[in-house]
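Each remark here refers to the structure printed beneath this line.
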């Protein structure tokens, strides 16, 4: 087995502790990646705190991983030692079902294997990117384009693809009006991507405190949802609304903002239900949908799109010893807009 240094939580309320974890020896199609940077996602916190169900501890979170290939299995054909690569929210799938054959491994009918908190095909409990090394089958690794720095690439592996996929699927393009609910880690990427796709972009946020940022990032308009006049003024306006917040909101109020045949897509995943009134949908043939990351092919497409359009997340790089503080700041919405862990600070402890 291969050993790696890591930061783990040992219970739902606990802080991070330094630990050592084991990675499997390389199978023929595996690559060993020396992790250089790992982004912090709100879903890391939800998972570790048990918000989405029981957790096996200790848990090493992290599914926004950027690093360098340091070893390859005997049959690897896609990567070589020294390649700059990334790993996102999943590390395997059945590879046989209709969804996998479509390149939509995230919707694998047998369930994809999460980068952390899952049981892989070898019976091992997966541990994530808050660590120095990871072993992944080559089919679930993506290439980081030349010229893209590893620290900004890391958050694209979740925040980037989570917002890119629904924007592409529901046709964000010139002539389309797109609203983004929330301007956080996901929301700021949605704004940048929708703008690059040519859509007219509006940010819907609780207050106007981030308005200057929103407009700088590419939004054409910015409104406060705490002002009820916003919902009257914008009623029936949008072709697509991407809800990025992981909190309970009045979903029916937001559905009222959709134009004929408009769609509201949830990518934020609150732990509480969001009750929908049927008559929020029927009168204007509106749709309420969900979207979960993207397949490996689309994730590579997203990285290449970001490289082509010079799109990068706004990040704050931290040391491993600052993870607890960073989590507290994420919960307090005190980050603009994504924390990224410098894994070299873990190696040097």
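Residue numbers (UniProt numbering): 1 to 349.
Note that beta-carbon positions come from the ideal geometry of N, C-alpha and C, so glycine has one too.
Predicted model, so just to flag it, every value in this text is computed and none were measured.
I'd like the list of long-range same chain contacts for residue i, defined as Cβ closer than 6 Å, with 5 residues on each side in sequence excluded.
i: residue 262; result: 238, 239 and 286
i: residue 289; result: 263 and 265
i: residue 234; result: 257
i: residue 157; result: 64, 86 and 88
i: residue 272; result: 248
i: residue 195; result: 201 and 218
i: residue 51; result: 271
i: residue 302; result: 160, 161 and 164
i: residue 44; result: 61
i: residue 15; result: 324
Suppose the cutoff is 7 Å on Cβ atoms and the five residues either side in sequence are ignored; what does the same chain contact list for residue i look like?
i: residue 346; result: 5, 7, 132 and 320
i: residue 329; result: 335
i: residue 74; result: 28
i: residue 49; result: 12
i: residue 152; result: 312, 313 and 315
i: residue 189; result: 159, 160, 163 and 313
i: residue 333; result: 184
Looking at the structure shown, is residue i part of a helix, part of a strand, or coil, going by DSSP?
i: residue 217; result: helix
i: residue 11; result: coil
i: residue 26; result: coil
i: residue 191; result: helix
i: residue 165; result: helix
i: residue 124; result: coil
i: residue 248; result: coil
i: residue 93; result: coil
i: residue 228; result: coil
i: residue 45; result: helix
i: residue 130; result: coil
i: residue 176; result: coil
i: residue 335; result: coil
i: residue 112; result: coil
i: residue 203; result: strand
i: residue 259; result: strand
i: residue 5; result: strand
i: residue 147; result: coil
i: residue 223; result: strand
i: residue 269; result: coil
i: residue 139; result: helix
i: residue 323; result: helix
i: residue 183; result: coil
i: residue 156; result: helix
i: residue 253; result: helix
Suppose the cutoff is 8 Å on Cβ atoms and the five residues either side in sequence are ignored; what does the same chain contact list for residue i look like?
i: residue 98; result: 109
i: residue 207; result: 224 and 226
i: residue 350; result: Beyond the ends of the chain as shown, which are 1 and 349, falls residue 350; an answer cannot be given.
Please name the residue, chosen from the options, that lies closest to residue i on a Cα-to-Cα basis.
i: residue 245; options: 316, 41 and 209; result: 41
i: residue 47; options: 327, 145, 134 and 343; result: 327
i: residue 161; options: 10, 207, 218 and 311; result: 311
i: residue 280; options: 236, 173 and 298; result: 236
i: residue 23; options: 126, 79 and 12; result: 126
i: residue 308; options: 148, 187 and 229; result: 148
i: residue 69; options: 52, 17 and 150; result: 150
i: residue 339; options: 159, 232, 284 and 193; result: 159
i: residue 199; options: 21, 241, 212 and 38; result: 241
i: residue 222; options: 186, 253, 182 and 232; result: 182
i: residue 20; options: 14, 254, 297 and 128; result: 128
i: residue 216; options: 231, 192 and 230; result: 192
i: residue 230; options: 213, 203 and 136; result: 203
i: residue 300; options: 95, 61, 103 and 120; result: 103
i: residue 33; options: 67, 92, 259 and 184; result: 67
i: residue 30; options: 297, 117 and 134; result: 134
i: residue 344; options: 298, 36, 26 and 18; result: 36
i: residue 26; options: 2, 255, 38 and 18; result: 2
i: residue 144; options: 304, 341 and 323; result: 304
i: residue 292; options: 331, 111 and 316; result: 111
i: residue 268; options: 9, 276, 184 and 332; result: 184
i: residue 136; options: 39, 113, 154 and 155; result: 113
i: residue 342; options: 276, 179 and 317; result: 317
i: residue 295; options: 77, 178, 78 and 92; result: 92
i: residue 232; options: 274, 253, 130 and 101; result: 253
i: residue 101; options: 297, 118 and 325; result: 297
i: residue 121; options: 94, 260 and 106; result: 94
i: residue 197; options: 214, 77, 170 and 250; result: 170
i: residue 54; options: 306, 284, 117 and 277; result: 117
i: residue 59; options: 9, 18 and 71; result: 9
Looking at the ligand NAD, does it come within less than 7 Å of residue i, judged from the CB to the closest heavy atom?
i: residue 56; result: The ligand content of the structure shown is nil, which means the ligand NAD is not present either.
TODO: Counting only runs of 3+ residues fully inside the region 56–81, write out the beta strand (DSSP E) ranges in chain order.
DONE: The region 56–81 contains these whole beta strand (DSSP E) runs: 65–72.
Task: Touch test, the region 135–145 against the region 165–182, Cβ-Cβ under 8 Å, three pairs minimum - done: Contact between the region 135–145 and the region 165–182 is absent, because fewer than three Cβ pairs lie under 8 Å.
TODO: Specify whether the region 75–88 and the region 169–179 touch according to this definition: at least 3 beta carbon pairs, one from each stretch, less than 8 Å apart.
DONE: The region 75–88 makes no contact with the region 169–179; the number of CB pairs closer than 8 Å stays below 3.
TODO: Would you list, in sequence order, the uninterrupted beta strand (DSSP E) runs of no fewer than 3 residues that lie entirely inside the region 275–319?
DONE: Note on the region 275–319: whole beta strand (DSSP E) runs with a minimum of 3 residues are 287–290 and 315–318, in chain order.
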